[in-house]
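Q: After the structure tokens below, expect a handful of questions from me.
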Amino acid sequence: MSRLPLTRVYISLKNLDHNLSLLRELAGGRPLWPAIKADAYGHGARIVASHLVSRGVDTFGVAQVQEALELAENGIDARFIILSPDLGDTAQEIAAHGFEPVVATDIQLRALSREALRQGRDIRVHLKFDTGMGRVGFCPREADTVLARIAGYPGLKIAGFMSHFPRADEGDPEYSLEQLGRFRDLVEKTADFRDFETHMANSAAIFDVSGACFDACRPGIALYGLKPSSEIRNPRVDELKPVLSWKTAITQLKEVSPGTGLSYGHSYITSRQSLIATVPVGYGDGLARALSNRIEMLVGGRRCRQVGTICMDQCLIDVSPLRGRVEEGDEVVIIGAQADQFIGAGEQAEVLGTINYEIVTRISGRVPRLAEK
Numbered sequence: 280m281s282r283l284p285l286t287r288v289y290i291s292l293k294n295l296d297h298n299l300s301l302l303r304e305l306a307g308g309r310p311l312w313p314a315i316k317a318d319a320y321g322h323g324a325r326i327v328a329s330h331l332v333s334r335g336v337d338t339f340g341v342a343q344v345q346e347a348l349e350l351a352e353n354g355i356d357a358r359f360i361i362l363s364p365d366l367g368d369t370a371q372e373i374a375a376h377g378f379e380p381v382v383a384t385d386i387q388l389r390a391l392s393r394e395a396l397r398q399g400r401d402i403r404v405h406l407k408f409d410t411g412m413g414r415v416g417f418c419p420r421e422a423d424t425v426l427a428r429i430a431g432y433p434g435l436k437i438a439g440f441m442s443h444f445p446r447a448d449e450g451d452p453e454y455s456l457e458q459l460g461r462f463r464d465l466v467e468k469t470a471d472f473r474d475f476e477t478h479m480a481n482s483a484a485i486f487d488v489s490g491a492c493f494d495a496c497r498p499g500i501a502l503y504g505l506k507p508s509s510e511i512r513n514p515r516v517d518e519l520k521p522v523l524s525w526k527t528a529i530t531q532l533k534e535v536s537p538g539t540g541l542s543y544g545h546s547y548i549t550s551r552q553s554l555i556a557t558v559p560v561g562y563g564d565g566l567a568r569a570l571s572n573r574i575e576m577l578v579g580g581r582r583c584r585q586v587g588t589i590c591m592d593q594c595l596i597d598v599s600p601l602r603g604r605v606e607e608g609d610e611v612v613i614i615g616a617q618a619d620q621f622i623g624a625g626e627q628a629e630v631l632g633t634i635n636y637e638i639v640t641r642i643s644g645r646v647p648r649l650a651e652k
């Protein structure tokens with residue numbers, strides 16, 4: 280008997296391979312450094328990283344040192360770039376494991392230099408320049424000063440110059456092209472002495488910003504088969520194949536009379552005799568309570584409405600149209616395909632007024648991720 284919960288996420292390695300090949304082609308054969316932060320956008324970082332390593336990927340971007348540690352300790356032999364700068368408090372782990380932090384402040388530089396000297400090993404750092412994101416990063420105008428300061432921190436070696444696009448997923452490329460020009464100017468100024476890598480392109484830029492793929496690209500959402508936005512102009516974005524499916528099963532079927540209130544607060548009251556299915560998925564699994572009475576799930580190859588308030592561990596579906604053709608134990612698809620029907624993460628995102636990134640990333644860690652070939 281399986282000890283796994285009925286609610287599970289399935290990861291299609293076939294679709295992951297497809298997306299990897301597409302992105303490699305669009306990047307002109309340049310190295311891809313996939314972003315696998317936040318448990319690979321909810322897809323299961325160990326599964327994703329292990330498979331990508333087998334396909335020749337040797338560098339990953341994570342947000343935190345802890346994410347890199349967990350992967351390294353679970354046998355992922357790769358180079359890890361720590362994308363989110365901290366206050367230097369992880370310098371010991373960074374030096375010990377050879378991780379490559381993104382740096383944007385002198386606080387980090389001092390802490391990393393001290394630890395590099397203490398351990399007697401160089402730390403490779405990626406200098407982040409704010410070319411228009413308005414988040415972390417050195418000012419491009421200060422590049423010469425920054426490089427001079429780096430020279431004063433023994434034990435540090437520059438591994439890369441980088442920046443990030445905030446608007447590459449918009450239909451109008453004007454701002455992204457201006458930003459690209461600022462980064463290109465910065466890169467060209469270092470051409471005579473540069474022995475490090477330059478990188479800027481995210482998923483949207485790989486598709487839509489010509490010239491953004493410097494020495495390497497950092498794809499995230501597109502690797503998982505999800506569109507960076509609906510405004511991507513490159514038609515090849517439609518070739519992406521979703522990697523994640525989220526499924527559960529019916530645990531109880533119940534006939535209820537007209538006028539029956541369902542779930543907490545009786546937010547849904549039946550208007551007719553109804554066949555109601557209970558399924559073991561709720562906001563504790565990442566299915567937002569705010570979706571209550573506003574989404575559909577796939578049962579028996581057709582869309583069925585979710586009804587009643589979504590609970591922490593369970594929710595209800597009206598399967599009345601399937602009466603006589605549905606049983607307890609039948610598959611329910613929250614995200615993914617069934618027969619000729621498909622529900623994407625974007626549907627939940629649209630209801631909540633958010634993005635597909637958030638929908639897949641919020642799927643709880645208690646939901647097991649299973650690889651499918």
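All residue numbers for the sequence shown refer to my numbering, where the first residue is 280 and numbers rise by one.
Backbone N, C-alpha and C fix where the C-beta goes; we use that ideal spot for every residue, glycine too.
#1: Hey, would you say L595 sits closer than 8 Å to V586, going by beta carbons?
#2: How many Å lie between C583 and Q458 at the Cα?
#3: Under a Cβ-count criterion, where at least 16 other Cβ atoms within 10 Å of its own Cβ denotes burial, should M280 be classed as buried or exposed?
#4: Taking the straight line between their C-alpha atoms, what separation do you get for R400 and I429?
#5: To which residues of the same chain is I599 closer than 7 Å at the C-beta, ignoring the five residues directly before and after it?
#6: Let me see if you follow: with CB-CB separation under 8 Å, is I386 close to chain C or not?
#7: Rank F359, Q343, L350 by C-alpha distance to the C-alpha of R367 and give the top, closest one.
#8: Could you check whether N572 and S546 sit closer than 8 Å to each other, using their CB atoms as the reference points?
#9: Helix, strand or coil, according to DSSP, for R397 in the structure here?
#10: Pull the bridge partners of K533 from the DSSP assignment, please.
#11: To the nearest angstrom, how far is it from the Cα of S550 to the Cα of G538?
#12: Who are the Cβ neighbours of L285 in its own chain at under 6 Å, not counting the five residues just before and after it?
#13: Helix or strand or just coil, what does DSSP make of I634?
#14: Please state the DSSP three-state secondary structure of H297.
#15: To the nearest angstrom, how far is it from the Cα of G540 to the Cα of G644?
#16: What's the C-alpha gap between F493 and A480?
#17: If R648 sits next to I315, beta carbons under 8 Å apart, how far is it from one beta carbon to the other, in whole angstroms?
#18: Do you know how far the Cα of E575 is from the Cα of C590?
#19: Are the Cβ atoms of G504 and N635 separated by less than 8 Å?
#20: Are R287 and V578 closer than 8 Å when you measure CB to CB?
#21: Which ranges would you report for the beta strand (DSSP E) in the stretch 550 to 614 if only whole runs of at least 3 residues count?
#22: M280 by DSSP, collapsed to three states: which one?
#23: Using DSSP with H/G/I as helix, E/B as strand and the rest coil, what is H478?
#24: Going by CA-CA distance only, name the one from F417, D464, D487, A495 that's closest to F475.
A: According to the structure data:
#1: Against a cut-off of 8 Å, the Cβ pair of V586 and L595 comes out as a contact.
#2: Taking C-alpha positions only, C583 is separated from Q458 by approximately 46 Å.
#3: Note that M280 has pLDDT 48, beneath the 50 cutoff, so the model's placement of it is unreliable and the number below is only indicative. With fewer than 16 Cβ atoms within 10 Å of its Cβ, M280 is classed as exposed.
#4: Cα-Cα distance, rounded: 16 Å.
#5: Contrary to the premise, residue 599 reads as Ser rather than Ile in this sequence. Exclusion of the five residues before and after S599 leaves S553, L554 as the residues of its chain whose Cβ lies within less than 7 Å of its Cβ.
#6: The displayed structure is made up of one protein chain only, and chain C is not part of it.
#7: The question names Arg, yet the displayed sequence has Gly at residue 367. A check of alpha carbon separations from G367 across F359, Q343, L350 identifies Q343 as the nearest.
#8: With contacts defined as CB atoms closer than 8 Å, S546 and N572 qualify as a contacting pair.
#9: Of the three classes helix, strand and coil, the one that applies to R397 here is helix, per DSSP.
#10: Note: K533 sits in a beta bridge opposite I555.
#11: Taking the straight line joining both Cα atoms gives about 6 Å.
#12: Correct list, in chain order: T527, A528, P559.
#13: Secondary structure at I634: coil, using DSSP grouped into helix, strand and coil.
#14: DSSP places H297 in the helix class (H, G or I) of the three-state scheme.
#15: Answer to the nearest angstrom: the Cα atoms are 31 Å apart.
#16: The C-alpha of A480 is placed about 8 Å away from the C-alpha of F493.
#17: At roughly 13 Å, the Cβ-Cβ gap does not stay under 8 Å, so R648 and I315 are not in contact.
#18: One C-alpha to the other measures close to 16 Å.
#19: The answer is no: Cβ separation not under 8 Å.
#20: No. Outside cutoff.
#21: Runs found: 553 to 558, 575 to 578, 581 to 586, 594 to 597.
#22: Confidence in M280 is poor, its pLDDT being 48 and thus under 50, which makes the residue's placement unreliable; the coordinate value appears in the next sentence. Looking at M280 - three-state DSSP - the assignment turns out to be coil, as it is neither helix nor strand.
#23: Three-state DSSP puts H478 in a strand.
#24: A check of alpha carbon separations from F475 across F417, D464, D487, A495 identifies A495 as the nearest.
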